[in-house]
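J.: Count the sequence shown with numbering that gives the first Met the number 0 and you get residues 0 to 282, in order.
Every residue, glycine too, gets a C-beta built ideally from N, C-alpha and C.
Values in this document were obtained by computation on a predicted structure and should not be read as measured data.
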Amino acid sequence: MPTEFFHRNKAGLLLLGLLLFSFICLANRIDSYVIGLKSVVWYLISPEVVYSGTYFNKLDSLKGRFFQLARAEGENYILRQQNIKLAKRELERDVLREENKRLRVLLDLKEKQFNDSISAEVIGHDVREWFYAVIINKGHQDQIPQTAAVVTRSHHGLALVGRIAEVYDTTSKVLLISDPISAVTVSIDPIGDLGLLEGRNQPTVLVRYLPHRSKVSVGHEVKTVGLGGVFPPGIPIGMVKDVTVTSDGFFKEATVEPYLDFGSIQEVLVLARGDSAMVKVPQ
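#1: Report yes if the C-beta distance between residue 224 and residue 239 is below 8 angstroms; otherwise report no.
#2: Using the Cα positions of residue 136 and residue 257, report the straight-line distance between them to the nearest angstrom.
#3: Please confirm if the segment 162–173 is in contact with the segment 196–207, defined as three or more CB-CB distances below 8 angstroms between the two stretches.
#4: For the 8 angstroms Cβ check, are there 3 or more pairs between the segment 201–208 and the segment 244–255?
#5: Opposite residue 89 in the DSSP bridges: which residues?
#6: Bridge partners of residue 202, per DSSP?
#7: Who are the Cβ neighbours of residue 51 in its own chain at under 6 angstroms, not counting the five residues just before and after it?
#8: Quick one: what does DSSP say residue 192 is sitting in, helix, strand or coil?
#9: DSSP three-state call for residue 154: helix, strand or coil?
#10: Only counting the same chain, and skipping five residues up and downstream in sequence, which positions put a Cβ closer than 6 angstroms to that of residue 92?
#11: Measure the C-alpha to C-alpha separation of residue 44 and residue 83 and round it to an integer number of angstroms.
#12: Kindly indicate the opening and closing residues of the beta strand (DSSP E) around residue 254.
#13: Are there 16 or more other CB atoms within 10 angstroms of the CB of residue 47, so buried, or fewer, so exposed?
#14: Which residue's Cα is closest to the Cα of residue 268: 121, 178 and 262?
#15: Residues in the same chain with beta-carbon distance under 6 angstroms from residue 124, minus the five sequence neighbours each way, listed in chain order, please.
#16: Compute the Euclidean distance between the alpha carbons of residue 141 and residue 226, then round it to the nearest angstrom.
#17: Quick check on residue 209: does DSSP put it in helix, strand or coil?
#18: If you check the beta carbons only, do residue 164 and residue 270 fall under 8 angstroms apart?
#19: State the Cα-Cα distance for the pair residue 191 and residue 157, rounded to the nearest angstrom.
#20: Looking at the secondary structure, which residues open and close the beta strand (DSSP E) in which residue 237 lies?
#21: From residue 144 to residue 77, what does the alpha carbon distance come to, in whole angstroms?
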């Protein structure tokens, strides 16, 4: 029975005991005992308090470093994006500057040598006919003449591209001199020997039917003759890089490296009939 009473009133009895202890301490003035007890308790718990404070200080420090790193990474990302944009703009400016330079050279050529020519841009290659043809952005609406000669500027100066093969409303197909069905009568400068230049679907072209006694040699320049009324005379094509004799021994053949990279032609001039009748094309 007493045990049951104690369990039911444990909280009340504990509170009564604390009050009684406090009253005894006050009545007997044992402040020194209380102070001593307080000191012992504080000594026991103080390491935990100090440890907790250190832990939270370290946690705050790590949090601060994390946000600093996150902020720095964000700033670095922004700087990288800005650098990419600046590099892109600089590249675009370089491309525009180079394009303007090419257009100025072509315009100068048009004004001084081919007044009636039509300037055009290459807008595509047929991947199946990489050395055969290119597509330009001018057609019937721009009065592009059928079979007209097409020229451009190379790093050596004026150079022959080919001729107009097909004309559509707004575009035209240019047959390159590297096409196997292309044939251009040419002369070897400075010796003057005549031959027939044919394409081979390769970066190089071939001059055939040169006389067996021809003095053609590596380094000679190949130019148009102007026979047939399509190509003006004197338009440079390329340089001789190799000379062979045919198997029957009747002719010599010269492998020619064109001045043009047919895969990088970007702007051209389509010559009018009056231009094609010119006697000489200055360099």
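T.: Taking the geometry as given:
#1: No, Cβ-Cβ distance for residue 224 and residue 239 is not below 8 angstroms.
#2: Between residue 136 and residue 257, the alpha-carbon positions lie close to 24 angstroms from each other.
#3: Counting Cβ pairs under 8 angstroms, fewer than three are found: no touch.
#4: Flag = yes, the segment 201–208 and the segment 244–255 touch.
#5: Beta-bridge annotation (DSSP): residue 89 is not paired with any residue.
#6: None, per the DSSP bridge assignment.
#7: Note on residue 51: pLDDT 48, under 50, position unreliable in the model; no value is reported.
#8: Note: residue 192 maps to coil in three-state DSSP.
#9: Coil, per DSSP.
#10: Close CB contacts of residue 92 within its chain, under the 6 angstroms cut and outside five residues either way in sequence, are absent.
#11: Reliability of the predicted coordinates at residue 44 is poor, the pLDDT of 45 falling under 50, and no value is obtained from them.
#12: Per DSSP, residue 254 belongs to the beta strand (DSSP E) from 250–257.
#13: Residue placement at residue 47 is poorly supported in this model, since its pLDDT is 47, which falls under 50; the coordinates are not used for a value here.
#14: The residue with the shortest Cα to Cα distance from residue 268 is 121.
#15: Closer than 6 angstroms at the Cβ level, and outside the excluded window around residue 124, lie 133.
#16: If you take the alpha carbons of residue 141 and residue 226, they lie about 27 angstroms apart.
#17: Annotated three-state conformation of residue 209 is strand, per DSSP.
#18: Cβ distance not < 8 angstroms, so residue 164 and residue 270 don't count as in contact.
#19: Between residue 191 and residue 157, the C-alpha separation is close to 19 angstroms.
#20: Counting along the chain, the unbroken beta strand (DSSP E) around residue 237 starts and ends at 235–244.
#21: Approximately 54 angstroms between the Cα atoms of the pair.
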